[in-house]
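Chains as they are written, first to last, in my numbering: chain P, 32 to 186; chain D, 101 to 399. In this text, a Cβ means the ideal position worked out from N, Cα and C, and glycines have one as well. What follows is one structure encoded as structure tokens, with my remarks underneath.
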Amino acid sequence: MLISFCLNGELKKLNISPNRRVTDLLREDFGLTGTKEGCGTGECGACTILADGEPRLSCLMLAAQLEGKKIVTIEGLSDGQKLHPVQQAFIDYGAVQCGFCSPGMILSAAAFLRQTPEPSRDQIRESISGNLCRCTGYQKIVDALEAAAKIMQEE
Amino acid sequence: MREVFVPKSSTELWDMWGSYPNAQVYAGGTDFLVQLRNRKRDASVIICMERLEAFKGVQQQQNMIRIGACTTLSHVLKEPVIRKHIPVLATAIRRLGSPLIRNMATIGGNICTASPAGDTLPPLYILDAVLEICSEQGIRHIALKDFIHGPGQTALMKNEILSCINVKIPQEYQIHHFEKVGKRKAMTCSVASLAGLLKLDHKGVIKGVRLAWGAVGPRVLMSEKVERSLKGMQLSAESLENAVQQGTEIFSPIDDIRASADYRRKIAGNLMRRLVRHVQPDAGYQIRPDTRIRQPENI
Chain P
32 MLISFCLNGE LKKLNISPNR RVTDLLREDF GLTGTKEGCG TGECGACTIL ADGEPRLSCL
92 MLAAQLEGKK IVTIEGLSDG QKLHPVQQAF IDYGAVQCGF CSPGMILSAA AFLRQTPEPS
152 RDQIRESISG NLCRCTGYQK IVDALEAAAK IMQEE
Chain D
101 MREVFVPKSS TELWDMWGSY PNAQVYAGGT DFLVQLRNRK RDASVIICME RLEAFKGVQQ
161 QQNMIRIGAC TTLSHVLKEP VIRKHIPVLA TAIRRLGSPL IRNMATIGGN ICTASPAGDT
221 LPPLYILDAV LEICSEQGIR HIALKDFIHG PGQTALMKNE ILSCINVKIP QEYQIHHFEK
281 VGKRKAMTCS VASLAGLLKL DHKGVIKGVR LAWGAVGPRV LMSEKVERSL KGMQLSAESL
341 ENAVQQGTEI FSPIDDIRAS ADYRRKIAGN LMRRLVRHVQ PDAGYQIRPD TRIRQPENI
């Protein structure tokens with residue numbers, strides 16, 4: 032099946048099996064291994080990508096569903112060499128331990144903060160409630176997102 | 101190799117179904133694709149309904165609200181019409197899954213999955229939702245209560261889809277209540293849930309009440325006996341205790357990995373006992389601010 036979609040700002044046209052999971056397509060065909068597979072059932076959020084700006088689970092999307100979509104993975108979030116404020120805040124606040132959840136967590140949060148410029152801590156927690164982290168205990172992630180929200184507002 | 105089709109119109113959908121009568125359909129895929137992958141389901145052709153614009157969106161027509169079955173739960177939750185007129189549904193959706201799941205899962209999918217723990221179901225039961233079922237031959241209507249036969253069992257016939265959910269705005273009830281108990285706050289199936297609509301007079305006497313429990317029986321449970329026992333009574337710990345006693349016989353929960361049947365039965369009663377805490381007499385029997393949906397929020 033011929034599918035065309037936009038991946039991290041580049042138009043892609045390719046002939047692929049429509050039944051392929053988007054996670055597998057990104058990781059194996061495009062080498063974009065920032066997108067992780069954790070549970071494969073939509074419960075952990077490690078495979079989060081942005082589709083038309085909205086966070087979605089790439090393990091529960093099939094290639095056929097990509098047609099005409101604008102997809103952003105963690106590799107495409109920064110502006111060239113300049114990290115996205117959420118990425119920078121994760122570094123500055125030590126919000127990463129093993130790092131497996133970070134790509135999904137960052138994409139969920141980036142989309143949320145764009146819509147909610149002045150979030151409460153509770154809203155931040157809710158926004159990442161579909162992204163599991165088994166290392167940090169979430170405190171530093173929430174701290175980082177609070178800081179990122181302020182930076183995004185100033186920009 | 102499995103074929104996947106993503107029709108953009110119902111005409112395209114019927115054409116595809118005409119060519120592949122055994123094709124299975126899905127909307128958000130948050131249950132369906134998981135079942136396909138762990139081989140609880142099999143299909144050589146599947147049809148994704150996420151781009152059927154005709155079956156998406158929320159509209160108010162006088163005192164009726166129409167919700168397209170392929171509308172994502174995030175979209176339903178954001179609709180001002182839903183928040184204003186049927187906050188009981190909005191609150192339930194907010195407790196369902198996670199923002200990621202809600203961005204993909206649809207309200208029609210939650211209904212057709214027909215899980216006893218489907219969180220949109222108790223609110224839609226007490227709202228007397230009427231479903232529009234669509235096939236190439238036309239449209240038929242069926243009450244949600246008659247649509248769901250048991251876990252995973254619905255009245256959908258071959259090559260029919262759920263296209264729309266119709267809800268009449270419940271003007272007479274000033275209190276919309278939904279509470280869910282799960283293992284954690286997000287991303288969890290209900291161990292038990294309770295949706296309620298209440299009409300109280302200025303003295304706190306119950307003039308009207310609708311209650312429905314999720315996850316404590318094979319289907320959503322409602323009890324006329326419980327509702328009758330509350331009508332005309334002061335909303336109080338005593339009247340609720342009495343109603344719980346009237347209601348215990350209807351609960352028929354199961355033991356599973358999430359909770360024991362005994363625990364579920366207890367929770368189902370406690371959810372009702374707790375109703376009294378959610379209502380604030382001095383504010384004219386309005387719902388307490390902490391149980392109202394927080395607004396504005398953009399999740």
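Buried versus exposed, by CB contacts within 10 Å (16 or more), residue i
i	result
D:Asp-219	buried
D:Arg-388	Summary for D:Arg-388: the model assigns pLDDT 44, below 50, so the residue's position carries little reliability; its value from the coordinates is reported in the next sentence. So D:Arg-388 counts as exposed.
D:Ala-337	exposed
D:Ala-243	exposed
D:Phe-156	Reading off the sequence shown, one finds Lys at residue 156 of chain D, where the question assumed Phe. Burial call: buried.
D:Ser-329	buried
D:Met-257	exposed
D:Asn-122	exposed
P:Leu-33	exposed
D:Pro-216	buried
D:Glu-349	exposed
P:Arg-152	exposed
Spatial distance of residue i from residue j (CA atoms)
i	j	result
D:Gln-334	D:Ile-211	34 Å
D:Leu-52	D:Ile-233	Lying outside 101 to 399, the shown extent of chain D, residue 52 of chain D is not represented and no answer is given.
P:Thr-167	P:Phe-131	11 Å
D:Asn-259	D:Ser-235	6 Å
P:Gln-146	P:Glu-85	10 Å
D:Gln-274	D:Leu-298	6 Å
D:Leu-262	D:Gln-159	17 Å
D:His-175	P:Ala-82	15 Å
D:Pro-318	P:Gln-118	46 Å
D:Gln-271	D:Met-164	11 Å
D:Pro-63	D:Met-101	Nothing about residue 63 of chain D can be reported from this structure: the residues present for chain D run from 101 to 399 only.
D:Pro-223	D:Asp-115	35 Å
P:Leu-63	P:Glu-106	7 Å
P:Pro-116	P:Leu-88	22 Å
P:Thr-72	D:Asp-301	47 Å
D:Asn-370	D:Gln-135	33 Å
D:Ala-255	D:Thr-213	12 Å
P:Gln-170	P:Cys-129	15 Å
D:Ala-229	D:Ala-127	20 Å
Reference residue i, options the options, closest by Cα
i	options	result
D:Asp-355	D:Asn-342, D:Arg-319, D:Ala-315 and D:Gln-345	D:Ala-315
D:Arg-358	D:Arg-374, D:Ala-292, D:Leu-321 and D:Pro-318	D:Ala-292
P:Cys-70	P:Gly-135, P:Gln-112 and P:Glu-149	P:Gly-135
D:Ile-207	D:His-185, D:Leu-231 and D:Lys-184	D:Leu-231
D:Ser-290	D:Pro-180, D:Ile-193, D:Tyr-120 and D:Asp-142	D:Ile-193
D:Val-305	D:Val-379, D:Arg-202, D:Ile-269 and D:Met-322	D:Val-379
D:Ser-352	D:Thr-130, D:Val-104, D:Gly-250 and D:Leu-113	D:Gly-250
P:Gly-40	P:Gly-99, P:Ser-139 and P:Val-173	P:Gly-99
D:Gly-282	D:Cys-148, D:Ala-368 and D:His-241	D:Ala-368
D:Glu-341	D:Ser-110, D:Arg-374, D:Thr-171 and D:Glu-349	D:Arg-374
P:Lys-43	P:Val-127, P:Asn-50 and P:Leu-56	P:Leu-56
P:Asp-60	P:Asn-46, P:Gly-73 and P:Thr-72	P:Asn-46
D:Val-106	D:Met-149, D:Asn-370 and D:Leu-136	D:Met-149
D:Glu-153	D:Arg-141, D:Ile-146, D:Asp-142 and D:Gly-168	D:Gly-168
P:Leu-163	P:Glu-74, P:Phe-121 and P:Thr-104	P:Glu-74
D:Gly-57	D:Ile-248, D:Ile-239 and D:Ile-182	Because chain D in this structure spans residues 101 to 399, residue 57 of chain D falls outside the shown range and cannot be described.
D:Ser-144	D:Ser-119, D:Arg-151, D:Leu-294 and D:Glu-279	D:Ser-119
P:Ile-122	P:Glu-68, P:Arg-51, P:Glu-185 and P:Val-173	P:Val-173
P:Thr-54	P:Met-92, P:Leu-38 and P:Cys-37	P:Met-92
D:Ser-198	D:His-241, D:Ala-286 and D:Val-320	D:Ala-286
D:His-241	D:His-277, D:Gly-252, D:Val-267 and D:Leu-221	D:Val-267
Cβ distance (whole Å) where residue i is taken to contact residue j below 8 Å
i	j	result
P:Leu-108	P:Ile-137	7 Å
D:Leu-177	P:Gly-161	Contact doesn't hold; Cβ gap of about 14 Å is too wide.
P:Ala-142	P:Leu-176	About 12 Å separates the two Cβ atoms, so there is no contact after all.
Contiguous alpha helix (DSSP H) assignments of at least 4 residues, all confined to the stretch 131-167 of chain P: 133-146 and 152-158
With a floor of 4 residues, list each alpha helix (DSSP H) that falls wholly inside the stretch 206-230 of chain D, ordered by position along the chain. 207-213 and 221-226
Ordered list of alpha helix (DSSP H) runs contained in the stretch 82-133 of chain P, each at least 4 residues: 116-123
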